[in-house]
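K.L.:
My questions all concern the structure below.
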Amino acid sequence: LLIENTWKGSRWDATVIGIGLNVNSDRTATPGRASLKDRVDHPLDLTVLASAFQSEILDALLDATPATASEAYHRHLVGRGNWKSYTLRSEVGQGNVSGVDSTGALEMRWRKGEADSESRLRIESSTDLTWDWLAPSLQ
């Protein structure tokens, strides 16, 4: 996923969002990477795939409301609803992702250990949090 902002002086002008798919590339030797061809064991027709992908995205956008889009986004957040190991500003603990607020800050419940009381946090900078439970090849 690529998100690129454009500016006119000090004013935010527009955002371009792009989606990339590894379709017919050979990714079997690269840990943590995949290609659709690797999963179906044969090359795919890019024209057919692009048309189907475009149709599905347009249908989803046309059917979406701000509420349904937000609900779908939050439903698919990595780590949402599960206690996982994280390091927050050099402090090891457990976090449970609950959402992302309107400013883009990650919202999570936090505790140092299973028996400890929990607090609610807003994490504004991705450099403050390490997702320890993810495979090292994905960090």
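Using the working numbering, you'd call the opening residue of the sequence shown number -6 and step up by one each time.
Think of the CB as a built atom: it goes at the ideal place given N, C-alpha and C, for glycine as much as any other residue.
Note that this is a predicted model, so its numbers are computed, not measured.
What residue ranges within the stretch 28 to 88 form continuous alpha helix (DSSP H) runs of no fewer than 4 residues, ordered along the chain?
P.N.:
Considered as a whole, the stretch 28 to 88 harbours 29 to 33, 39 to 56, 59 to 68 as its complete alpha helix (DSSP H) runs of no fewer than 4 residues, in chain order.
K.L.:
State the Cα-Cα distance for the pair Arg113 and Leu37, rounded to the nearest angstrom.
P.N.:
Rounded to whole angstroms, Arg113 to Leu37 spans 46 angstroms at the Cα level.
K.L.:
Look up Thr123 in the DSSP assignment and say whether it is helix, strand or coil.
P.N.:
strand
K.L.:
Quick check: the stretch 107 to 126 against the stretch 43 to 53, are at least 3 beta-carbon pairs closer than 8 angstroms?
P.N.:
no
K.L.:
Straight-line CA distance for Asp125 to Glu64?
P.N.:
A straight-line Cα-Cα distance of about 26 angstroms links Asp125 and Glu64.
K.L.:
To the nearest angstrom, how far is the alpha carbon of Ile10 from that of Ser83?
P.N.:
Here the alpha carbons of Ser83 and Ile10 stand approximately 33 angstroms from one another.
K.L.:
Are Asn15 and Leu(-6) touching if we call contact CB-CB under 9 angstroms?
P.N.:
no
K.L.:
What three-state label does DSSP hand Glu(-3) in the structure shown?
P.N.:
strand
K.L.:
Which value, in whole angstroms, describes the spacing of the CA atoms of Thr80 and Leu122?
P.N.:
6 angstroms
K.L.:
I need the DSSP call for Gly97, collapsed to helix, strand or coil.
P.N.:
coil
K.L.:
So for Gly25, helix, strand or coil by DSSP?
P.N.:
coil
K.L.:
Among His67, Ser91, Ala62, which residue has its Cα nearest to the Cα of Trp76?
P.N.:
Ser91
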